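Sequential numbering from 27 applies to the sequence shown in this note's numbering. Beta carbons: idealized from backbone N, C-alpha and C, even for Gly. Bear in mind the structure is a predicted one, so any value in this text is a computation, not a measurement. Read the structure below first, then the notes.
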Amino acid sequence: MINNKKIVVISGDPNSINSEIIYKSWKKLNKSLRNKLFIIANYELLKKQFKYLNYPIKLKKVLNLNGTSNKNQLKIIDIRVKFKDPFKLKISETSRYVKNCLLAGHKLASSRAVSGLINCPISKNLLIKKNYGVTEFLAKECKIKNKSEVMLIKSKNLSVSPITTHLDLKDVSKNIKSKLIIIKVKTIHNFFMKLFKKKPIIGVLGLNPHNAEFRTGSKEVVEIIPAIRKLKKLGCNIKGPLVADTTFIKEYNKYDVIVGMYHDQVLTPFKTIYKFDAINITLGLSYLRASPDHGVALDLIKKNKANSLSLLNCIKFINKFG
Numbered sequence: 027m028i029n030n031k032k033i034v035v036i037s038g039d040p041n042s043i044n045s046e047i048i049y050k051s052w053k054k055l056n057k058s059l060r061n062k063l064f065i066i067a068n069y070e071l072l073k074k075q076f077k078y079l080n081y082p083i084k085l086k087k088v089l090n091l092n093g094t095s096n097k098n099q100l101k102i103i104d105i106r107v108k109f110k111d112p113f114k115l116k117i118s119e120t121s122r123y124v125k126n127c128l129l130a131g132h133k134l135a136s137s138r139a140v141s142g143l144i145n146c147p148i149s150k151n152l153l154i155k156k157n158y159g160v161t162e163f164l165a166k167e168c169k170i171k172n173k174s175e176v177m178l179i180k181s182k183n184l185s186v187s188p189i190t191t192h193l194d195l196k197d198v199s200k201n202i203k204s205k206l207i208i209i210k211v212k213t214i215h216n217f218f219m220k221l222f223k224k225k226p227i228i229g230v231l232g233l234n235p236h237n238a239e240f241r242t243g244s245k246e247v248v249e250i251i252p253a254i255r256k257l258k259k260l261g262c263n264i265k266g267p268l269v270a271d272t273t274f275i276k277e278y279n280k281y282d283v284i285v286g287m288y289h290d291q292v293l294t295p296f297k298t299i300y301k302f303d304a305i306n307i308t309l310g311l312s313y314l315r316a317s318p319d320h321g322v323a324l325d326l327i328k329k330n331k332a333n334s335l336s337l338l339n340c341i342k343f344i345n346k347f348g
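Rendered as structure tokens:
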């Protein structure tokens, strides 16, 4: 069945490479996908950024998803923001602008008017709250209270997911609980069953080097192993705890998903292997949300060197599965 729903992309942090990856992705889309695409952004801001970068693209300001244009115009749902330098906005104004863009996107996605929601990279400090990223922001807007939202980084052949997100290392251990592991892994399992019609093979890493040799009182013995046992009883195809320092050498090919205990434990090896050929998906929301698997790349702003592959993959993923 052909999916005729619209695709919404939030332009994200304006102090970034986002205008560049939006344009480069747009160039590679076919006419059908271009017609579905709407960007939530400030029209004048994006127009000035494209002009500076010398990108020959026509924009059209629209009020809502009913706005039409020819297939060679990029449709912009306009969100107000004050600026002088289009690549160097004040933090306070940028924070307000980014939040308003996210809320506009959330509203459209919640109404089921679109296939899902894509946001370009956003600096965490713009969301103000410590240990707070877009995953947590949208989970709050969706009124999720049991921490069932999941960050899943997906490539074609492998996905990874951290149990804790955006926490300082000193805070990780105390947040590793069996209940949390069970909730997160069940969300991943259900996502694969619903979207891909397959029972995923899930590997779970331990927290400590060499799994703390399974010492009495370790997180492996007290929290992780009991969670794995419970998940097996619930019907999950799950193995672990795996040893984190060797799993990504070769063993990762055995799994559909590798679950780690904290952000860099799984994202560092994953990005080393797949680089930009992956997307960030939030599971557990009331709609499908994806974003590029990279940051705002401050060192590449205005240099026309950014890689748009991840955003392009997000658009294709939302169009296919949304």
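The straight-line gap separating the alpha-carbon atoms of I251 and P267 is approximately 7 Å. Look at P252 here: in three-state DSSP terms it is helix. A residue is called buried once 16 or more other Cβ atoms fall within 10 Å of its Cβ, and N151, having fewer, is exposed. Pairwise C-beta distances place the region 128-148 in contact with the region 41-55, as three or more of them are shorter than 8 Å. Taking a contact as a CB-CB distance under 8 Å, the pair Y278 and L184 counts as one, their CB atoms being some 6 Å apart.
The three-state reading of DSSP puts P295 in helix, counting H, G and I together. Boundaries for S58: no beta strand (DSSP E) harbours it, while the alpha helix (DSSP H) harbouring it runs 57-62, taken from the DSSP string.
Distance check between K212 and each of S199, N201, K196, I189 places I189 closest, using alpha-carbon atoms only. By the beta-carbon neighbour count (other beta carbons within 10 angstroms, threshold 16), M287 is buried. In this chain, the beta strand (DSSP E) harbouring T308 covers 305-309. The DSSP-derived three-state label of K32 is strand. For G131, the enclosing alpha helix (DSSP H) has its first and last residue at 117-136. Residue V140 holds the alpha-carbon nearest to the alpha-carbon of K31 among E239, V140, R106. Closest by C-alpha distance to E119, out of G131, L128, R106, is R106. Looking only at K210, L63, K53, K86, the smallest Cα-Cα distance to E70 is reached by K86.
With 16 or more neighbouring CB atoms inside 10 Å of its own CB, N339 falls in the buried class. As summarised for the region 144-174, the continuous alpha helix (DSSP H) elements at least 4 residues long and confined to that stretch are 160-167, given in chain order.
In the three-state reduction of the DSSP assignment, L221 falls in the helix class. The C-alpha of Y123 lies about 24 Å from the C-alpha of K62. For V198, there is no enclosing beta strand (DSSP E); the enclosing alpha helix (DSSP H) has its first and last residue at 195-198. Taking the CA atoms as reference points, I214 sits about 24 Å from D194. Counting C-beta atoms within 10 angstroms of its own C-beta, L260 has fewer than 16 neighbours from the protein chains shown and is therefore classed as exposed. The DSSP-derived three-state label of K258 is helix.
Per the DSSP secondary-structure output, A67 pairs in a beta bridge with D104. Under DSSP, the beta-bridge partners assigned to N263 are I227. In the DSSP annotation of this structure, S181 is not part of any beta strand (DSSP E), being labelled neither H nor E.
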